[in-house]
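Asks: The sequence shown begins at 170 in this note's numbering and counts up one residue at a time. Each residue gets a CB set at the ideal place from its N, CA and C atoms; glycine is no exception.
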Amino acid sequence: MRGLVLALMVLAGCDAPTETIVIVDAGLVVRASLASIRARACGAGLGVVLDTTVNVRAGTPDATAFPMRIPLYPQDDDAGRTFALLVEGTDDAGRTVIAARIIGGFEHGKHLELALALDDACMDHTGCNMEQTCHGGSCEPAAVAPFEGVGAPCELTPIDTDLLVNPGFEQDLTSWWQSPDSSGNRIVTTTVHGGAKALEVASSPAGDRNVGQHVSVIAASPYRVSGWISTNGVAGGARIYVSWQDAAGAWFQNDVAGAAVTGTSGWIERTATLTAPTGAVGAALGVGTHAEVDSAGTAWFDDLVFRRE
Ligand SMILES: [Ca+2]
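Structure, rendered in structure tokens:
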């Protein structure tokens with residue numbers, strides 16, 4: 170293992186070292202999905218004392234292999250200290266797809282080993298709070314034996330990440346699905362908010378024109394949904410909407426992220442904080458126009474965001 174052997178604090182004293190090794194392992198699905206791992210640790214009164222990112226893409230020359238060993242040492246050899254370690258994995262698109270946290274400590278003069286698993290069942294469950302980690306697909310206490318009951322000694326805020334893949338249409342319509350009537354949807358380079366490309370949707374009375382993308386969500390969690398819209402002669406309005414899906418796959422609630430943009434408008438941002446309803450496990454963010462109100466006109470969309478707050 171290279172690159173990740175970083176000490177929490179400089180070791181003091183010359184007897185048997187007080188040392189805790191966190192051993193991070195990952196399930197096969199996680200391993201196949203990850204491009205990199207970011208590990209951060211903090212201690213009470215110390216702030217963040219470790220922040221490192223390593224390549225874990227299997228088969229690449231500098232890939233770090235699982236299991237990883239992260240050695241931590243207490244400042245001043247003070248075995249009464251505790252730490253929080255947050256390990257987050259990102260995929261090739263830069264999305265955080267897995268996170269695991271451990272709250273642990275030290276025993277004076279002893280070498281401890283604590284296990285931290287990046288569970289396959291925890292893929293896309295990155296929303297556990299400061300005291301928790303994902304285990305078997307749900308949030309459970311992050312403090313492990315013999316440190317149960319120890320609260321988080323410090324805060325590590327999860328990486329702020331857009332859950333959407335290709336949110337600015339720079340890879341054309343990759344990862345986006347289209348409405349059955351997709352004839353009015355295309356990628357343009359002429360009317361763009363960010364980057365080199367944006368989505369154009371030409372309205373039609375013949376059918377809804379929209380594109381969308383599915384994300385996993387955690388019920389009762391707030392999500393920031395936003396994006397940029399420009400229009401030309403859109404009667405009913407171009408909008409960003411969110412449909413919520415339950416564990417049985419049923420779509421059971423729709424929300425609109427901000428007001429529709431009507432008429433002719435330059436780029437305008439629409440934003441909303443939407444709380445995932447009880448029972449929601451997934452959501453679809455959609456953008457477009459609706460046939461019943463939009464018989465003509467063109468709308469453009471770019472730089473969409475769907476992230477947990
Ligand atoms: Ca763009």
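Within the structure, which residues are defined as neighbours of ligand 1 by a Cβ-heavy atom distance below 7 Å, reported in chain order?
Replies: Gly337, Phe338, Glu339, Val361, His362, Gly363, Gly364, Ala365, Lys366, Ala367, Asp471 and Asp472
Asks: By how many angstroms is the C-alpha of Asp245 removed from the C-alpha of Thr358?
Replies: 58 Å
Asks: May I ask you to report which of helix, strand or coil DSSP gives Leu177?
Replies: Because Leu177 sits at a pLDDT of 44, beneath the cut-off of 50, its placement in the model cannot be relied upon, and the following sentence gives the value as read from the coordinates. Residue state, collapsed to three classes: coil.
Asks: Can you find the residues in the same chain that come closer than 6 Å, C-beta to C-beta, to Val179, ignoring five residues on each side of it along the sequence?
Replies: Bear in mind that a pLDDT of 40 at Val179, under 50, signals an unreliable position, so the number given afterwards is only what the model happens to contain. So the list is empty, once near-sequence residues are dropped.
Asks: Quick one: what's Ala367 bridged to in DSSP?
Replies: Val357
Asks: Tell me which same chain residues have a C-beta within less than 6 Å of the C-beta of Ala284, skipping the five on either side of it?
Replies: Result list for Ala284: Ile192, in chain order.
Asks: Does the separation of the CB atoms of Pro374 and Ala268 fall below 8 Å?
Replies: Their beta carbons are not under 8 Å apart, which means Pro374 does not touch Ala268 by this criterion.
Asks: Where in the segment 361-434 do unbroken runs of the beta strand (DSSP E), each at least 3 residues long, occur, reported from the N-terminal end onward?
Replies: 367-371, 378-385, 391-415 and 420-425
Asks: Starting from Ser464, follow the alpha helix (DSSP H) in both directions and report where the run begins and ends.
Replies: Neither: Ser464 is in no alpha helix (DSSP H) and is coded neither H nor E.
Asks: Secondary structure at Met170, three-state DSSP: helix, strand or coil?
Replies: Here Met170 scores only 33 on pLDDT, less than 50, and its place in the model should not be relied on; the value that follows carries that caveat. Secondary structure of Met170 (DSSP, three-state): coil.
Asks: How big is the Cα-Cα spacing for Ile437 and Val425?
Replies: 15 Å
Asks: Assign Ala201 to one of three DSSP states: helix, strand, or coil.
Replies: helix
Asks: With a threshold of 8 Å, are at least 3 pairs of Cβ atoms found where one atom belongs to the segment 310-323 and the other to the segment 226-233?
Replies: Because the criterion of three Cβ pairs below 8 Å is not met, the segment 310-323 and the segment 226-233 do not touch.
Asks: Run through the DSSP bridge pairs and tell me what Arg250 is partnered with.
Replies: According to DSSP, Arg250 bridges with nothing at all.
Asks: Applying the 10 Å Cβ sphere with the 16-neighbour rule, what's the burial state of Asp483?
Replies: Outside the shown range of the chain (170 to 478) lies residue 483, about which nothing can therefore be said.
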